[in-house]
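Peer 1: Going by this note's numbering, the letters in the sequence shown line up with residues 6 to 614, in that order.
Idealized CB from N, CA, C, for every residue including glycine.
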Amino acid sequence: ADGHPVFGNQSTGGSQSIRRTFDPFRIAGATAKVMLISAAAAKWNIDITNCSAENGFVINNLNGKKLGYGELVEDASKLPIPKDVKLKDPKDYKIIGKRIHRLDTPAKIYGAAKFGIDVVIPGMVYASVSRCPSFGGKVKSFRADKAKLVKGVIDVIEIPQGVAIIADSTWNSFMGKQSLEVEWDFGPNANIDSDSIRNSMTKFLNDEGSEIELRGNPDYNLPGIKTIESVYELPFLCHAPLEPMNCIAKVENGRAELWAPSQNPQDARTQVAKALGFKEDDVIVHVTLIGGAFGRRLVSDWAVEAAVIAQKTGKIIKLTWTREDDMKHSVYRPASMHKVKGSVDKEGKLINFYHHVIAESITAQRFNRNIPVKDADIGEGTRRLTYQIPNMKITGTIVPTHVPVSWYRSVYNTQNPFVIESFIDELAHLGNKDPYEFRKALIPKDSRLRKVLEVAAEKSNWNSPLPKGRGRGIACFEGYGSFCAEVIEVSVITNEVKLEKVTAVIDCGTIVNPDTVEAQLEGAIVFALTAALKGEITIRSGGVVEKNYDDYQLLTYSETPVIESHILTNFEKVGGVGEVGIGACAPALCNAIYAAIGKRIRKLPIKLN
Numbered sequence: 006a007d008g009h010p011v012f013g014n015q016s017t018g019g020s021q022s023i024r025r026t027f028d029p030f031r032i033a034g035a036t037a038k039v040m041l042i043s044a045a046a047a048k049w050n051i052d053i054t055n056c057s058a059e060n061g062f063v064i065n066n067l068n069g070k071k072l073g074y075g076e077l078v079e080d081a082s083k084l085p086i087p088k089d090v091k092l093k094d095p096k097d098y099k100i101i102g103k104r105i106h107r108l109d110t111p112a113k114i115y116g117a118a119k120f121g122i123d124v125v126i127p128g129m130v131y132a133s134v135s136r137c138p139s140f141g142g143k144v145k146s147f148r149a150d151k152a153k154l155v156k157g158v159i160d161v162i163e164i165p166q167g168v169a170i171i172a173d174s175t176w177n178s179f180m181g182k183q184s185l186e187v188e189w190d191f192g193p194n195a196n197i198d199s200d201s202i203r204n205s206m207t208k209f210l211n212d213e214g215s216e217i218e219l220r221g222n223p224d225y226n227l228p229g230i231k232t233i234e235s236v237y238e239l240p241f242l243c244h245a246p247l248e249p250m251n252c253i254a255k256v257e258n259g260r261a262e263l264w265a266p267s268q269n270p271q272d273a274r275t276q277v278a279k280a281l282g283f284k285e286d287d288v289i290v291h292v293t294l295i296g297g298a299f300g301r302r303l304v305s306d307w308a309v310e311a312a313v314i315a316q317k318t319g320k321i322i323k324l325t326w327t328r329e330d331d332m333k334h335s336v337y338r339p340a341s342m343h344k345v346k347g348s349v350d351k352e353g354k355l356i357n358f359y360h361h362v363i364a365e366s367i368t369a370q371r372f373n374r375n376i377p378v379k380d381a382d383i384g385e386g387t388r389r390l391t392y393q394i395p396n397m398k399i400t401g402t403i404v405p406t407h408v409p410v411s412w413y414r415s416v417y418n419t420q421n422p423f424v425i426e427s428f429i430d431e432l433a434h435l436g437n438k439d440p441y442e443f444r445k446a447l448i449p450k451d452s453r454l455r456k457v458l459e460v461a462a463e464k465s466n467w468n469s470p471l472p473k474g475r476g477r478g479i480a481c482f483e484g485y486g487s488f489c490a491e492v493i494e495v496s497v498i499t500n501e502v503k504l505e506k507v508t509a510v511i512d513c514g515t516i517v518n519p520d521t522v523e524a525q526l527e528g529a530i531v532f533a534l535t536a537a538l539k540g541e542i543t544i545r546s547g548g549v550v551e552k553n554y555d556d557y558q559l560l561t562y563s564e565t566p567v568i569e570s571h572i573l574t575n576f577e578k579v580g581g582v583g584e585v586g587i588g589a590c591a592p593a594l595c596n597a598i599y600a601a602i603g604k605r606i607r608k609l610p611i612k613l614n
């Protein structure tokens, strides 16, 4: 659907799509059903209790006659909308919970599906943008002479984001961009790099941090306890979707029309209207298929660029970012550092737990807000842990990095659960306990989290012996209204990690389509393994070093392990799925490496040498 407030929140993020729409869609369907039955009953002059609906028809149970929904829809639309409708009992579901093949799969397999980058509008021309290599930089001056000599180049103009090259094809626009001469004002961030950012976080490691959550009274001076502390580090990450940012924009007569592969069409309307000086009602966003997003397309900078170029040139503009644009001018998953400390008693029971999160706040940066740490997004995944730890303190420190950050698949749940689940493993070994049994003892018996943990251990044959150089790691995660546990098995030969198998168990409440749940779970695992093994954005001279898939690599098919998915069935409230498989993945992997060779991984990506 086009982006419009009438539809409510249309963004696809936070694993909310099914969670947010499940009940409203059921209510809408049940309401329509009652109205169609009422319309048919009126036509037949019978009581609605003598009617039923099935397979697109309303049936007269007295004589077997039937009327199609299409025949009834006009009359039904004139009836008052019932306020309270009875929803189907879960035991009567006929479609929900069944494996249903996606209708759009064949078109995607055969290349017939049209993504944003495939859309063509008659009369459009093509654009690319040259942007300053450093964050916050701008154009000082530029020479367009050579660029305008490139075949097919129509115009070269300056926009707030850089210099736009307009041509008769995407390729010619790219070629013109290569010939463009720009002198940049590198701005206030030209001297930042990965080391300076790391140093800005390191200096807070010995601070207490601002309180996020407190349980009990942590005391590390109790007699007979054993205490350890560790520091964990995680890098900036890029979403790196296969389809680069692109958008078609048409601006004329005070109105803007966009064709955009957007996760957040209402934000695109808002940002484009603001940039053009229009009312939001004068901006139309047609949402296309998306070739990967993972949070990147929640931000609409690329749509704004296309609209601004269209307004300045008076032409229909198709803007396409290069892969290098996409990698070097994105918005990134924040880097973070963590100090953790914990104690076990003589019986190996966990007594104290402390976690200090040091990171940039996405919300604070993107909305220019001063947010109390207690409520900040950096604490995602640390609050209200199911683990029954008697004495626990979670704190945080927000550190501006001057690197543009934004939402990323599972956001801070790609970081904090990694630290927690890895350190829980450290504490299990400190107390001479099996990592699975140690976790299980911390979780209430009736918890859904405990159930997925138990099933993961069972299905992975947790207690079966493995040869030298091979190990299993376990971790669990609760979030987005769902529960997940994963056991990962690896072998390590001469500092090379080979992924052997992933056993994943998910409880996401009522399941709409098991095929979709499995696909999302497996995709999340591959996404998380890629980040843990290969993902790192480095900063130099105020900009991103990595530029393409050669230096920001993805997990290949041959590197991908066997993934065995298990879905627990129940009729609990619908939970999210798209991000739930990520939180447990990296810690399970690193715990497996420790089990295999005794090396503890506290810094990602994993580098054994």
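1) My assumption, with CB atoms under 8 Å, is that residue 547 sits in contact with residue 139. Please give the rounded CB distance.
2) Where are the alpha helix (DSSP H) runs, 4 residues long or more, that stay fully inside the segment 208-294, in chain order?
3) Return the CA-CA distance between residue 187 and residue 148, expressed in angstroms with no decimal places.
4) On the premise that residue 410 lies in contact with residue 237, defined as a C-beta separation below 8 Å, what is that separation, rounded to the nearest angstrom?
5) What separation, rounded to the nearest whole angstrom, lies between the Cα atoms of residue 141 and residue 191?
6) How long is the line joining the alpha carbons of residue 181 and residue 169, rounded to whole angstroms?
7) Going along the chain, which unbroken runs of the alpha helix (DSSP H) with 4 or more residues stay wholly within the segment 65-141?
8) Closer than 7 Å to a non-hydrogen atom of the ligand NAD - does that hold for the CB of residue 159?
9) Determine the contact status of residue 592 and residue 440, defining contact as a CB-CB distance below 8 Å.
10) By how many angstroms is the C-alpha of residue 300 removed from the C-alpha of residue 369?
11) Run through DSSP, which three-state label would residue 2 get?
12) So what's residue 491 in DSSP terms, helix, strand or just coil?
13) Are the Cβ atoms of residue 542 and residue 197 separated by less than 8 Å?
14) What does residue 338 pair with, by DSSP beta-bridge criteria?
15) Check whether the Cβ atoms of residue 587 and residue 335 sit closer than 8 Å, and answer yes or no.
16) According to the neighbour-count rule (16 or more other Cβ atoms, all chains shown, within 10 Å of its Cβ), is residue 597 buried or exposed?
17) Going by other Cβ atoms of all chains shown within 10 Å of its Cβ, with 16 needed for buried, is residue 512 buried or exposed?
18) Are the segment 369-378 and the segment 311-326 in contact at 8 Å, needing three or more beta carbon pairs?
19) Is the distance from the Cβ of residue 350 to the Cβ of residue 366 below 8 Å?
20) Within the same chain, show all residues whose beta-carbon is closer than 6 Å to that of residue 56, passing over the 5 residues directly before and after it, in chain order.
21) With 16 other CB atoms within 10 Å as the buried threshold, where does residue 3 fall?
22) Kindly indicate which three-state DSSP category residue 350 falls into: helix, strand or coil?
23) Check the C-beta distance from residue 589 over to residue 462 and give it rounded, since I have them as a contact under 8 Å.
24) Nearest to residue 264 by CA position, among 244, 125, 385, 34, is which residue?
25) Is the beta carbon of residue 522 sitting closer than 8 Å to the one on residue 448?
26) Is the CB-CB distance between residue 324 and residue 307 below 8 Å?
27) Comparing C-alpha positions only, which one of 391, 358, 384, 420 sits nearest to residue 398?
28) By DSSP's criteria, residue 325 is part of a beta bridge. Which residues make up the other side?
29) Helix, strand or coil for residue 12, going by three-state DSSP, please let me know.
30) If you scan the segment 521-572 from start to end, which runs of the beta strand (DSSP E) of 3 or more residues do you find wholly inside it?
31) Sort out for me which residues DSSP pairs residue 188 with in a bridge.
32) Near residue 92, what residues of its chain come up, given a Cβ to Cβ distance below 6 Å and the 5 sequence neighbours on each side ignored?
33) I think residue 261 touches residue 287, with their Cβ atoms under 8 Å apart; what is that distance to the nearest whole Å?
34) Does the beta-carbon of residue 3 have 16 or more other beta-carbons within 10 angstroms, so that it is buried, or is it exposed?
35) Output yes or no for whether 8 Å exceeds the beta carbon distance between residue 486 and residue 595.
36) Please tell me whether residue 304 and residue 281 are closer than 8 Å, where the distance is taken between their beta carbons.
Peer 2: Walking through what the data contain:
1) 3 Å
2) 270-281
3) 6 Å
4) Actually they are not in contact, since the Cβ atoms of residue 237 and residue 410 sit about 19 Å apart, beyond 8 Å.
5) 7 Å
6) 10 Å
7) 74-82, 110-114
8) Ligands displayed in this structure: none; no statement on the ligand NAD is therefore possible.
9) no
10) 17 Å
11) Residue numbering for the chain in the displayed model covers 6 to 614; residue 2 lies beyond these limits and cannot be assessed.
12) strand
13) no
14) 242
15) no
16) buried
17) buried
18) no
19) no
20) 42, 45, 46, 63
21) As shown, the chain starts at 6 and ends at 614. That puts residue 3 outside it, with no answer to give.
22) coil
23) About 13 Å; that fails the 8 Å criterion.
24) 125
25) no
26) yes
27) 358
28) 251
29) helix
30) 567-572
31) 146
32) 31, 35
33) 7 Å
34) The first residue shown for the chain is 6 and the last is 614, placing residue 3 beyond what the model contains.
35) no
36) no
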